[in-house]
Amino acid sequence: QTVSQLISGSDPMVPILGPVKPIFVNQKALGMLAGPLRDKVVNLYLSRKLSDFINQGRYHIKVYQGEALLKSWLPPVELGTKCDTEVSIGRSYGSIVINRNSRFSATQGLSLHSHYSPTADLFAQARIYVDLNLQGNLKASVG
């Protein structure tokens, strides 16, 4: 449901091409649909693809002596229509290491203002040292 809300909540546009999301949907799934129903099908298709992509991945999180390590292995995914507009993402691997020299701080509290209603505020500050490693392949074809 979170993935569906994330997909439905954004509607990126490219000036010449128009909406971006339908480009990543197989045209056989859309058929001759038009209007708001088409947008629903596009959002449903992309949210299922992204959910399956995330669910089929393998993840490993480890915290050791102040360092956090996240490793992920993700399956291949194909978006778009073959022989038309197609995006292929092959198997990929990623690792993120957050160094022990990173610093985090957060404060939460109630703020009272003289001419405005009170607000609940959260202030956070972070200095993060990250080592990021990504491996994979991407193939995109148009036409």
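For what it's worth, the working numbering labels the leading residue of the sequence shown as -16, then goes sequentially. Each residue gets a CB set at the ideal place from its N, CA and C atoms; glycine is no exception. Since this is a predicted model, take the numbers as computed values, not measurements.
{"Asked": "Continuous beta strand (DSSP E) stretch holding N116: start and end", "Found": "113 to 118"}
{"Asked": "Nearest neighbour of A89, chosen from R110, S100, Y76, S75 [CA to CA]", "Found": "R110"}
{"Asked": "Coarse secondary structure for I(-1), derived from DSSP in three states", "Found": "coil"}
{"Asked": "Buried/exposed call for V25, threshold 16 Cβ in 10 Å", "Found": "buried"}
{"Asked": "Proximity of G77 and L121 at Cβ, strictly below 7 angstroms", "Found": "no"}
{"Asked": "Beta-carbon contacts of S71 that lie in its chain and below 6 angstroms, excluding the five residues immediately before and after", "Found": "E61, K122"}
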